[in-house]
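Have a look at the structure below, then the notes.
Number of protein chains: 2
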Amino acid sequence: MPRTRDPGARQRVLDSARDLICDVGPRAVTVDEIAAAAGVGKQTIYRWWPSKSAVILDALIELTDPAPSRLPDGTYEAMRLQMRRMAALFASRNGQLIRELVANAQVDPNLAEDFRRRFFAHQRVRGAETLAAGVARGELRADLDIDHALDLLYAPLWLRLLIGHRPTNPAAADRLLALSWPALANDNPVPAPRRQSMKPSAHDHRHLP
Amino acid sequence: MPRTRDPGARQRVLDSARDLICDVGPRAVTVDEIAAAAGVGKQTIYRWWPSKSAVILDALIELTDPAPSRLPDGTYEAMRLQMRRMAALFASRNGQLIRELVANAQVDPNLAEDFRRRFFAHQRVRGAETLAAGVARGELRADLDIDHALDLLYAPLWLRLLIGHRPTNPAAADRLLALSWPALANDNPVPAPRRQSMKPSAHDHRHLP
DNA sequence: TCCAACCAGAGACTCCCAGTCTCGTAATCG
DNA sequence: CGATTACGAGACTGGGAGTCTCTGGTTGGA
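Going line by line, the protein sequences match chains A and B. According to our numbering, the first sequence is numbered sequentially starting from 154. According to our numbering, the second sequence is numbered sequentially starting from 154.
Dropping the structure here:
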């Protein structure tokens, strides 16, 4: 019998938050500005989200959800594509959203937990599947620790986003994968047949933007 | 002819900042509390440091400076020690200082630049020396890109500190180094003689806290 | 038709904290 | 001794997160 939630308002809040933060940069954006840009009362935001960071997390998740597109067959190329996607996200305007969230997560344990569960872990699932498939096919070492391998592959990109000591772009993803590959690949192709074309080719080294 | 800076005050400010942040956690600590704990006027803090973050950065740097102790000869063991030291720092109370600084650096570009120059880069210098020596001795691949290799080795520890998806401890450092090693080591010992005892031994794998 | 329940936008309000300003005092040097 | 400057103490400003209040609108049931 009561009035129900306005889905348009929800969407306008998320869109405004995303646009403002990506343009102006993190922390320079206030909740009042988001509310004004969305044409929404401040209380409407706090009715549906517990904090400003929760809004930003939802805005970020909305961006990256709808992409279960097909991956290449080879483990190397599949990982390369996934790392390139992550690098592109980090380098895009939307990288600002992630930086803001990680910054606030250092202070707010609840946010940290949400961020890990709803964004960070979610990002890793497909990578874990790819690596597991690679192990099953004998392209990767049989004793590979998937979680540590994911850290190895993804962490340098994260670090560049958060520290800014180097750019985060697809070329960086390529170089990092090429560098790490020998640590993951199966040195002794036990019964496994061909894994020739999957290995990094020479031109993957040494020519960056 | 004027009164000079009180070095005791400087030290008390840094000590109080460190203690409070390590105990209470980042952002829960205000400048007023630091000043009160140090028995110092607030203005004295702002006379010598441009911001709260600058105080914390100095407090952090003071901790990690005086440790140019000798490293083992083997490249593997030297890197292992350095990674373990970093892991221990991250896991200690002082890891809070770093988290706070990285969080604020996402918002404050000047702080980000200072943090990179005065802490982050400084940390990497010795690692770079170790790797370069390893290349020179033929233990590591001749075409190794030192900067990327440092990212590979250190970034997973940083990521654990900042995201918190896994613990940051010496055992983790060991496992990450053992995992990455094949990506760095020289597969073709060209003219290089023995590099036997430097390689990870079997017990370095698979037994964590 | 009317009413209860709850949503909405608008904006005033409280609380907190980084950073500034002011004061009276105490060193230091010429 | 007097000019100069640091010092501790604490009042003050500005801005932003989150809350409260008000008025109005929309829904579904009696």
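From the three backbone atoms N, C-alpha and C, an ideal C-beta is built for every residue, glycine too.
Query raised in the report: Can you name the start and end residues of the alpha helix (DSSP H) that residue 272/B belongs to?
Result: In the second sequence, the residue the question calls residue 272/B occupies position 119. That residue, residue 272/B, is in no alpha helix (DSSP H); it is neither H nor E in DSSP.
Query raised in the report: Using a C-beta cutoff of 8 Å, does residue 304/B count as contacting chain A?
Result: The count along the second sequence starts at 1 and reaches residue 304/B at position 151. For residue 304/B, the answer is yes, since a Cβ of chain A falls inside 8 Å of its Cβ.
**Report entry** CB contact flag (residue 217/A, residue 293/A, <8 Å)
**Finding:** Here residue 217/A corresponds to residue number 64 of the first sequence, with the count starting at 1. Here residue 293/A corresponds to residue number 140 of the first sequence, with the count starting at 1. No, Cβ-Cβ distance for residue 217/A and residue 293/A is not below 8 Å.
Query raised in the report: What are the complete alpha helix (DSSP H) segments, minimum 4 residues, inside the segment 270 to 348 of chain B?
Result: 274 to 289, 299 to 316, 323 to 337
Report task. Could you tell me how far apart the beta carbons of residue 264/B and residue 213/B are, in whole angstroms, since I believe they sit closer than 8 Å? Result -> Here residue 264/B is taken as the residue at index 111 of the second sequence, counted from 1. Here residue 213/B is taken as the residue at index 60 of the second sequence, counted from 1. Contact doesn't hold; Cβ gap of about 12 Å is too wide.
Query raised in the report: Is residue 259/A close to chain B, meaning its C-beta is less than 8 Å from at least one C-beta of that chain?
Result: As a working mapping, residue 259/A is identified with position 106 in the first sequence. Cβ-Cβ to chain B under 8 Å: yes for residue 259/A.
Query - residue 328/B: contacting residues in chain A (beta-carbon distance under 9 Å) - result: Residue numbering aside, residue 328/B sits at position 175 when the second sequence is read from its first letter. What residue 328/B touches in chain A: 298, 301.
Query raised in the report: Should residue 331/A be labelled buried (16 or more other beta-carbon atoms within 10 Å of its own) or exposed?
Result: Here residue 331/A refers to the residue found at position 178 when the first sequence is read from its first residue. With 16 or more Cβ atoms within 10 Å of its Cβ, residue 331/A is classed as buried.
Query raised in the report: Whose C-beta lies closer than 7 Å to the C-beta of residue 186/B among residues of the same chain, with five residues either side of it excluded?
Result: In the second sequence, residue 186/B corresponds to position 33, counting from 1. Counting only Cβ-Cβ distances below 7 Å, and skipping sequence neighbours, we find 173.
Query - DSSP-derived helix/strand/coil call for residue 217/A - result: As a first step, residue 217/A is located in the first sequence; it is residue number 64 there, counting from the start. If DSSP states are grouped into helix, strand and coil, residue 217/A belongs with the helices.
Query raised in the report: Is residue 193/A helix, strand or coil by DSSP?
Result: The count along the first sequence starts at 1 and reaches residue 193/A at position 40. Coil at residue 193/A, not helix or strand.
**Report entry** Check whether residue 170/A and residue 240/A have beta carbons under 8 Å apart
**Finding:** On the first sequence, residue 170/A is found 17 positions in, with the first residue counted as 1. On the first sequence, residue 240/A is found 87 positions in, with the first residue counted as 1. Cβ atoms of residue 170/A and residue 240/A: not closer than 8 Å.
Query raised in the report: Looking at the C-beta of residue 271/B, does it have a partner C-beta in chain A at a distance below 8 Å?
Result: Numbered from its first residue, the second sequence carries residue 271/B at position 118. No, residue 271/B does not count as interfacial toward chain A.
Requested in this report: Assign residue 274/A to one of two classes, buried (16 or more other C-beta atoms within 10 Å of its C-beta) or exposed (fewer than that).
Outcome: Working through the first sequence from its first residue, we reach residue 274/A at position 121. Exposed is the call here.
Query - Selection of the segment 176 to 187 of chain A by Cβ proximity to chain B, strictly under 7 Å - result: 179, 180
Query raised in the report: Which two residues bound the contiguous alpha helix (DSSP H) that contains residue 257/B?
Result: Counting from one through the second sequence, the residue named residue 257/B turns up at place 104. Element bounds for residue 257/B: 248 to 258.
Requested in this report: Could you confirm whether any beta carbon from chain B is found closer than 8 Å to the beta carbon of residue 323/A?
Outcome: Here residue 323/A corresponds to residue number 170 of the first sequence, with the count starting at 1. Not one chain B Cβ lies under 8 Å of residue 323/A.
Query raised in the report: For the 8 Å Cβ check, are there 3 or more pairs between the segment 241 to 253 of chain A and the segment 295 to 302 of chain B?
Result: no
Query raised in the report: Excluding five sequence neighbours on each side, which residues of the same chain lie with their C-beta closer than 6 Å to the C-beta of residue 288/B?
Result: Numbered from 1 along the second sequence, position 135 holds the residue referred to as residue 288/B. Taken in chain order, the residues that qualify are 297.
**Report entry** Presumed contact (8 Å Cβ cut-off) between residue 206/B and residue 168/B, rounded CB distance
**Finding:** Translated into positions along the second sequence, residue 206/B becomes position 53. Translated into positions along the second sequence, residue 168/B becomes position 15. So it is not a contact: roughly 17 Å between Cβ atoms.
Query - Nonlocal neighbours in the same chain, by C-beta distance under 8 Å from residue 162/B, ignoring five residues either side - result: Indexing the second sequence from 1 puts residue 162/B at position 9. Closer than 8 Å at the Cβ level, and outside the excluded window around residue 162/B, lie 191, 193, 197.
Report task. For residue 256/A, count neighbouring C-beta atoms within 10 Å of its own C-beta (all shown protein chains included) and say buried if the count is 16 or more, exposed if not. Result -> Numbered from 1 along the first sequence, position 103 holds the residue referred to as residue 256/A. Buried.
Query - Beta-carbon proximity of residue 386/A to residue 283/A, cut-off 8 Å - result: For residue 386/A there is no data in the structure shown, the boundaries of chain A being 154 and 362.
Query - Within chain B, partners of residue 316/A - CB distance below 7 Å - result: For this step, residue 316/A is matched to residue 163 along the first sequence. Within chain B, the residues near residue 316/A are 269, 273.
Query raised in the report: Are the beta-carbon atoms belonging to residue 335/B and residue 308/A less than 8 Å from one another?
Result: Indexing the second sequence from 1 puts residue 335/B at position 182. Indexing the first sequence from 1 puts residue 308/A at position 155. For residue 335/B and residue 308/A, no; Cβs fall outside 8 Å.
**Report entry** chain B within 8 Å of residue 252/A, Cβ atoms only
**Finding:** Taking the first residue of the first sequence as 1, we reach residue 252/A at position 99. It does; some Cβ of chain B falls within 8 Å.
Query raised in the report: In chain B, what lies closer than 7 Å to residue 256/A by C-beta?
Result: Start at 1 with the first residue of the first sequence, and residue 256/A comes out as number 103. The contacting residues are 256, 259, 260.
Query - Alpha-carbon spacing of residue 236/A relative to residue 277/B, whole angstroms - result: By 1-based counting over the first sequence, the position of residue 236/A is 83. By 1-based counting over the second sequence, the position of residue 277/B is 124. Residue 236/A and residue 277/B: Cα-Cα distance of roughly 24 Å.
Query raised in the report: Cβ of residue 312/B less than 8 Å from any chain A Cβ?
Result: The sequence position of residue 312/B within the second sequence is 159, counting from 1. Residue 312/B counts as touching chain A.
Query raised in the report: With a CB to CB cut of under 8 Å and the five nearest residues on each side skipped, what residues in its chain are close to residue 310/B?
Result: The residue you call residue 310/B lines up with position 157 of the second sequence. Hits under 8 Å: 236, 239, 240, 243, 321, 325, 326, 329.
Query raised in the report: Helix, strand or coil: which one does DSSP assign to residue 161/A?
Result: If you number the first sequence from 1, residue 161/A lands on position 8. Helix at residue 161/A.
Query raised in the report: With a cut-off of 8 Å, does the C-beta of residue 264/A fall near any C-beta of chain B?
Result: The sequence position of residue 264/A within the first sequence is 111, counting from 1. No - not a single Cβ of chain B is within 8 Å of the one on residue 264/A.
Query raised in the report: If you run the structure through DSSP and keep just helix, strand and coil, what is residue 234/B?
Result: Along the second sequence, one-based indexing puts residue 234/B at 81. Helix at residue 234/B.
Query raised in the report: So, helix, strand or coil for residue 357/A, using DSSP?
Result: Here residue 357/A refers to the residue found at position 204 of the first sequence. Since pLDDT at residue 357/A reaches only 43, below the 50 mark, its modelled position is unreliable, and no value is offered.
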